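One structure is given here, and the rest of the page talks about it.
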Amino acid sequence: MMEFSLSEEQEMLKTMARDFLENECPKTHVREMMEDEVGFSRELWKKMADVGWLGLVFPEEYGGSGMNFRDLTVLCEEMGRALLPGPFLQTVLLVGMPILTAGTDEQKKEYLPKIASGDMVCTLAVLEEDGDFWPDGVQLKATQRGNDYIINGTKLFVNNAKGVDYILVAARTRRATEPEDGITLFLVDTTEWGIYIPPLTTMDQTRQQFEVTFNRVAVPASNIIGELHKGWSVLKEAALKTTAALCAEMVGGGEWVLETTVNYAKERTAFGVPIGSFQVIKHKCADMYSDLEYSRSLMEWAAEAIKDDDRDAHMAVSMAKSYCGDTYKIVCDHGVQIHGGIGFTWDHDMHLYFKRARSSDTAFGDAYYHRELLAQAVD
Amino acid sequence: MMEFSLSEEQEMLKTMARDFLENECPKTHVREMMEDEVGFSRELWKKMADVGWLGLVFPEEYGGSGMNFRDLTVLCEEMGRALLPGPFLQTVLLVGMPILTAGTDEQKKEYLPKIASGDMVCTLAVLEEDGDFWPDGVQLKATQRGNDYIINGTKLFVNNAKGVDYILVAARTRRATEPEDGITLFLVDTTEWGIYIPPLTTMDQTRQQFEVTFNRVAVPASNIIGELHKGWSVLKEAALKTTAALCAEMVGGGEWVLETTVNYAKERTAFGVPIGSFQVIKHKCADMYSDLEYSRSLMEWAAEAIKDDDRDAHMAVSMAKSYCGDTYKIVCDHGVQIHGGIGFTWDHDMHLYFKRARSSDTAFGDAYYHRELLAQAVD
Amino acid sequence: MTSENLEALRREVRGWLRENLPKGWGTPEYVPPIRYSRESHELGREWTKKMYDVGYTGFNYPKEYGGIERPREEVAVIYEEMGRTGTPGGPLSLGLLVAAPAILVHGEEWQKKRFIPKILSGEESWCEGFSEPDAGSDLANVQTTAVRDGDEWVVNGQKVWTSMWEFADWGLLVAKTEPDAPRHRNLSYFLFDTSTPGFSRRPLVQMSGEAEFGEMFFDDMRVPHKNMMDEQGRGWYVAMTALMAERSFGGTGFSGGMAAMGGLGTSDLLGANALVELAKNTKRYGKSVWEESAFRQRIMQTAIELEAMRWSGTRMAAKMMKGTPIGNEASVLKNFQAEMRQRRGDLTCEILGAYSQMVRGSTRAVDEGDHVYNMLRARGATIEMGTSEINRNIIAERILGLPR
Amino acid sequence: MTSENLEALRREVRGWLRENLPKGWGTPEYVPPIRYSRESHELGREWTKKMYDVGYTGFNYPKEYGGIERPREEVAVIYEEMGRTGTPGGPLSLGLLVAAPAILVHGEEWQKKRFIPKILSGEESWCEGFSEPDAGSDLANVQTTAVRDGDEWVVNGQKVWTSMWEFADWGLLVAKTEPDAPRHRNLSYFLFDTSTPGFSRRPLVQMSGEAEFGEMFFDDMRVPHKNMMDEQGRGWYVAMTALMAERSFGGTGFSGGMAAMGGLGTSDLLGANALVELAKNTKRYGKSVWEESAFRQRIMQTAIELEAMRWSGTRMAAKMMKGTPIGNEASVLKNFQAEMRQRRGDLTCEILGAYSQMVRGSTRAVDEGDHVYNMLRARGATIEMGTSEINRNIIAERILGLPR
């Protein structure tokens, strides 16, 4: 039977995470990082490593704590609530997980402890011109030359590409009938010659995106993660986990918006009474609460399904992603509206969540896409 | 420049129509007709003829008053408000208009004065199994035999088929590459041998629908309206006018719902105050008002465009039909909800409008279909 | 509890079901009785009694009030096996839903002992007189009066929107006993026998044409004083308990409510399968509706909402099992479920197009007119058991703490 | 008015436009000045003056206040010709929108003569100080005070969300003049020169990163008593007139408001063409977005709503032309327009997918980031000029007569 309430350990993790982030990642920090050309703080990263977050889901033999995926999502909720800037999901789930599940023993031993200790920050580069997460979108080529592969082309929408040590790059190594076939994952050291990383200037500055151009970059074959030509399934699995983790972030962020809005509605007066006594404001808050409750149910189901390797995990994640994405957006819409003028200013924090909601919704397929995936499953 | 306010003559027509219908078509009459196997009253029909409604838009030489289409829609608003049962649009627009625009001199002289005098009540039979108003749907065959055509097959969704004198039947007289080609309109006397008219038992009892089975019914070739094989364009034109008139009915019905609901909200008390003082009820009423205002704008535009033979008439009608359809439904949803328990009973009149809204929405293409038509226009 | 024991129980239940389910159950040859008919009521009554006698229902109540006390794991196995085959529902009664929970909290000891066992066993059916023509959601407007006369109370008034009204043996009734006392202190609750002289009932026809609800009339009906529940003047609090219990059913719906009633149907993971099938089988203008992304999206949204309800219901049920009262959370579930039903009803009718007009009894009706009935019936879902507006007030004020 | 005369006018206007429109206007080589820049303001000022001098703007005001009185048919011809080519907008000013209508109704004779002509000619620009940090939509919370000192008033306080704040030569200002008088009687309106000592202004950055609005500070700013508008204590009524005028612009938007401002752009019947083009040019997962009925439907709904707005605006404009005040109807138009903008912004971003993240200045931005800007900016539309909530209250209470 599925367990929905948190275990004692998870409750502790949650409390600790909230305290940590309130101290280490207040909105002043978030706003500083928004202006920063790298977009996240190595200092904070190290602290996160010290409290064990970066190795949370890795086995102990690789410097991790061996906790499960559901535990991780408890953390992600708090990160979403705090709008933590930086490639946490990228490093742990999108690069770390493929190494753990598909890497060689040498690769695991070399990279995972570094990730866990905070010395290796990573991101993933998959999307190209069309902006869609699907195998057809991967057109950047990698050509074998001796023991190396030469990567040539441009990736887009790469999170925090500027400040990371490694980028896991999905490249096309052969052309086959099935678009999934012929995609290989290369772990690329960002200090290599020929990598150019201009910013993309996106709406959500709390999670910066970059363009990454590879100008005949040489990568040793030993840096291939997983099998040659067979990278897509590894990526898909990592994306599934990341999508579920993103749902947790969204629920956490949405709950901040609800709490902040309810508090404002209690304090702000108009026509001599708190605006929270107007029925229309009340009902909007009630709807925000309700939508978030249902988002939480689906998100927790998705997290449990992944933890348990449930055969319904794909369906659960698609349902959660589309519902949480829609909810986060509408909760932020209401949040801005109820705050009125002040909620529309740059100085108030509401718009940071508003924008995070929208960047999270488009990441790894928006609500529309995930509903279409579900439909295709019963076509 | 388009005139949106009513002329003095139209204002008079409107006032007269409201008074007439309040006297002659109260809800007791509507409910009586709901239980009636024919579904409308010949007596009331005669009275409508006497005040000139049935010949309103026919030329004076055929016993009409020569008024224009916009004038007719003023009347239709009031009919929608009163939920008048009976095939008024069918007789005047769907049968009368084809005779006027495509009929021979003999046909006009024979039928139009009878329609205007209330002696000839008619309806249209186009839809078949698939329930869609499009040329592909017309499969019922008419085969020539001497001077007659033999009609064989079944029509569905025929309004008031049971009580009328004539049914205009769209039949396939030849199979061609273009589905529009080969459709012919036959004016069939319902007293002919071989016609069987069982009821369909539909939700909206204020506008009864029937199945009509033609069992080798013989119709003289002289009863063809318009050209042989070329009936569809005549039908399309008549349907366009009917759709616009239906929009007027919907706006009229919606306004009854709004007024009734606002009055109820002023009178009904809960927690010691009128429920209309609760902000959420207020805002729902405000939305109903707003939606109806925009419905009216589009409906009046469509009516004027038809009156003026504007080249945008098709677009105007599709926009009006989809917007008015959506509005009427949601206005009735709110109407039922604000009335609470009483609005959910059979005895209250609210559900009659609720059901009329839904039958009107599906008639001549629902909101979805009309939006798709608009999209195809810019494909 | 060893897993061997549980496996034995599983085999036992499975065998019992094979033995006891109605003939033909689960095959097309089984024809269920007509909804709300006496036959359907009797089937539910007998089925419940059978289950109760063998210890497969009646959980969550203490033994002294007829409850069946079984370990949680056993209950889970019983529910699972019944879920697999599906079973007939219970009798037409608010007994398990409203009367038993209310009596357990507010009843006198003799009332608990007298009434709860026969509710659990399905032997006695219940209804509740709550709404009145001029009251709606506002208890302050209750006009039905009960006047003390010796050892009896004389009741006069009218109740509307009574569900499960037709075959109820007993009724709960809220009436004004202290006309001059302030709001929240002027009402009392009674348990009354529906065979008492002065009581009458009749159907109340709803917009779909069915009479799922009834009206009840009290004309000098006499109720013994000992049948009062809780203290005199505390009727408002009893009403709240009853309402809350009812709303949590309206909200948890299948997963929570039906489980609480001891009946479980089969469920498919993608709960919108019926809509998918309908869309695949329906052509509009020659094209399969299922191929239109506008419909695919909405159908999948329905599937998502159904799953969200299922998991929220599961979370709620888990809370209840641990003994945490669900309280105001019931308003969240109730509203979502009611509004989802309306959205689903509208969507179904949009898929059907012209056929959405065909009602029960129409020869051309798809699914025997149930689609249209469900759409119409769903309009009542946001009104009954507290309107959506009232429930949103509750969420805002009692959960979020916004000012009244 | 003969049709020959009208044709002559048409030729005249056409010739004038050819002569006077900025070089390259209507061709890709024309580069418009940056939004909200001084250059854009100056262009609008000069253009308005040119039009005014030749009699092509300044309608609907009496001659004695500088109005240009022309027959309605002539005005229609002028608008038609300008609509055909499009023209630059006016200066960055609330003069025509708010100040002139308010002064016309509430101003002293000398105020009308002094101020209205220079508003019509574009020579003087205006802003309005209305919202305050703690006031929002509620005038009862106005904290800015004006204290009488001889022939002057001394103003102290702060205003926020001032549009057209940067280049305004004059401002309207509502301040509390009678701290102890009841609501609706404690405010007065002033016309103030923005070069007065004690006045300062600065940008207020909104969530899109732009500073379309400003904040204004009054620090012992002195205003002559004769610059008070209407009587002392009647500021609430002036505010209502000003708000109504503003809202009717927010609502009629293009067709009403722009016409009132004397500038007209070209319009296409199917107003959602830009969305159609975007959808046709955008592929998601390899498939044209325009082929998805889910998007087709919503884009066409936008087209329908735009048309509905256009015709509602036309009906409203016809009313105004006949002299019927539009009053509370403005709230209907304002809300619809604001909420439509939000829906359209959301839809645009959904079509764009990952590219919806690209803002102005991004090398990869589609349409130079305007889509995203419009989506963000639209969030303010339901807050400014009276929130959607306030406007719904107005519709319910003042149009439908529901109790306050």
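Line order of the protein sequences matches chains B, U, L and S.
5 is the number that our numbering gives to position 5 of the first sequence; each next residue is one higher, with no gaps.
Counting from 1 along the second sequence, just add 1000 to a position and that's the residue number in our numbering.
Counting from 1 along the third sequence, just add 2000 to a position and that's the residue number in our numbering.
Counting from 1 along the fourth sequence, just add 3000 to a position and that's the residue number in our numbering.
Even glycine gets a Cβ: it sits at the ideal position worked out from N, Cα and C.
This one's a predicted model, so the numbers in the text were calculated from it and none came from an experiment.
List, in chain order, every chain L residue whose beta-carbon is nearer than 7 Å to that of residue i.
| i | result |
| --- | --- |
| residue 1203 (chain U) | 2357, 2359 and 2372 |
| residue 274 (chain B) | 2403 |
| residue 293 (chain B) | 2312 and 2332 |
Determine, using beta carbons only, whether residue i comes closer than 9 Å to chain A.
| i | result |
| --- | --- |
| residue 7 (chain B) | The structure shown has no chain A; the protein chains it does contain are B, U, L and S. |
Under 8 Å by Cβ, that's how I've got residue i and residue j pegged, so tell me the actual separation to the nearest angstrom.
| i | j | result |
| --- | --- | --- |
| residue 1117 (chain U) | residue 1049 (chain U) | 6 Å |
| residue 3342 (chain S) | residue 3381 (chain S) | 7 Å |
| residue 2093 (chain L) | residue 2207 (chain L) | Their Cβ separation, rounded to whole angstroms, is 25 Å, which puts residue 2093 (chain L) and residue 2207 (chain L) out of contact at 8 Å. |
| residue 3356 (chain S) | residue 200 (chain B) | Not quite, the Cβ-Cβ distance comes to about 12 Å (not below 8 Å), so this is no contact. |
| residue 1359 (chain U) | residue 3403 (chain S) | Not really, about 35 Å apart at Cβ, beyond 8 Å. |
| residue 1087 (chain U) | residue 1160 (chain U) | 4 Å |
| residue 2047 (chain L) | residue 2088 (chain L) | 5 Å |
| residue 1253 (chain U) | residue 1328 (chain U) | 6 Å |
With a 10 Å radius around its C-beta and 16 neighbouring C-beta atoms as the bar for buried, classify residue i as buried or exposed.
| i | result |
| --- | --- |
| residue 2287 (chain L) | exposed |
| residue 377 (chain B) | exposed |
| residue 381 (chain B) | Lying outside 1 to 379, the shown extent of chain B, residue 381 (chain B) is not represented and no answer is given. |
| residue 222 (chain B) | exposed |
| residue 2393 (chain L) | buried |
| residue 1193 (chain U) | exposed |
I want to verify the contact list: residues of chain U whose CB lies under 7 Å from the CB of residue i, in sequence order.
| i | result |
| --- | --- |
| residue 351 (chain B) | Correct list: empty, because the minimum Cβ distance to chain U is about 26 Å. |
| residue 3071 (chain S) | Chain U residues near residue 3071 (chain S): none, gap ~14 Å exceeds 7 Å. |
| residue 3276 (chain S) | 1378 |
Got a sec, what are the start and stop residues for the beta strand (DSSP E) residue i sits in?
| i | result |
| --- | --- |
| residue 3170 (chain S) | 3170-3176 |
| residue 2223 (chain L) | 2213-2224 |
| residue 2201 (chain L) | 2199-2204 |
Could you spell out the range, first to last residue, of the alpha helix (DSSP H) harbouring residue i?
| i | result |
| --- | --- |
| residue 1373 (chain U) | 1367-1377 |
| residue 1113 (chain U) | 1105-1116 |
| residue 36 (chain B) | Premise fails: residue 36 (chain B) is in no alpha helix (DSSP H) and is neither H nor E. |
| residue 359 (chain B) | 350-362 |
Listing by chain order, which chain U residues have their CB less than 9 Å from the CB of residue i?
| i | result |
| --- | --- |
| residue 278 (chain B) | 1279 |
| residue 2383 (chain L) | 1336, 1337, 1339, 1340, 1341, 1343 and 1344 |
Going along chain B, which residues have a C-beta under 7 Å from residue i?
| i | result |
| --- | --- |
| residue 2405 (chain L) | For chain L, the structure presents residues 2001 to 2404; residue 2405 (chain L) sits outside this window and is missing. |
Starting from residue i, find everything on chain U with Cβ-Cβ shorter than 8 Å and list it in chain order.
| i | result |
| --- | --- |
| residue 2353 (chain L) | 1131, 1132, 1362 and 1366 |
| residue 2349 (chain L) | 1358 |
Taking residue i as the query, report the chain S residues whose CB atoms sit under 7 Å from its CB, ordered along the chain.
| i | result |
| --- | --- |
| residue 2292 (chain L) | 3293 |
Note down, in chain order, every chain B residue with its Cβ under 8 Å from the Cβ of residue i.
| i | result |
| --- | --- |
| residue 1283 (chain U) | 280 |
| residue 2142 (chain L) | None at all; the shortest Cβ gap to chain B is about 24 Å. |
Please list, in chain order, the chain B residues whose beta carbon lies closer than 9 Å to that of residue i.
| i | result |
| --- | --- |
| residue 3187 (chain S) | Within chain B, no residue comes near residue 3187 (chain S); the closest Cβ sits about 15 Å away, beyond 9 Å. |
Does the structure place the region 225-233 of chain B close enough to the region 178-194 of chain B that three or more beta carbon pairs sit under 8 Å?
yes
Point to revise | Three CB pairs or more closer than 8 Å across the region 2271-2278 of chain L and the region 2288-2304 of chain L | key: yes
Quiz item: How about the region 2165-2183 of chain L and the region 2122-2132 of chain L: do they share at least three Cβ pairs that are nearer than 8 Å?
Solution: yes
Report task. State whether the region 2135-2145 of chain L contacts the region 2099-2116 of chain L, with contact taken as three or more CB pairs (one from each stretch) at a distance under 8 Å. Result -> no
Does the region 1300-1313 of chain U come within contact of the region 1340-1358 of chain U, defined as at least 3 CB pairs closer than 8 Å? no
Q. Hey, is the region 207-219 of chain B in contact with the region 148-164 of chain B, meaning 3+ C-beta pairs nearer than 8 Å?
A. yes
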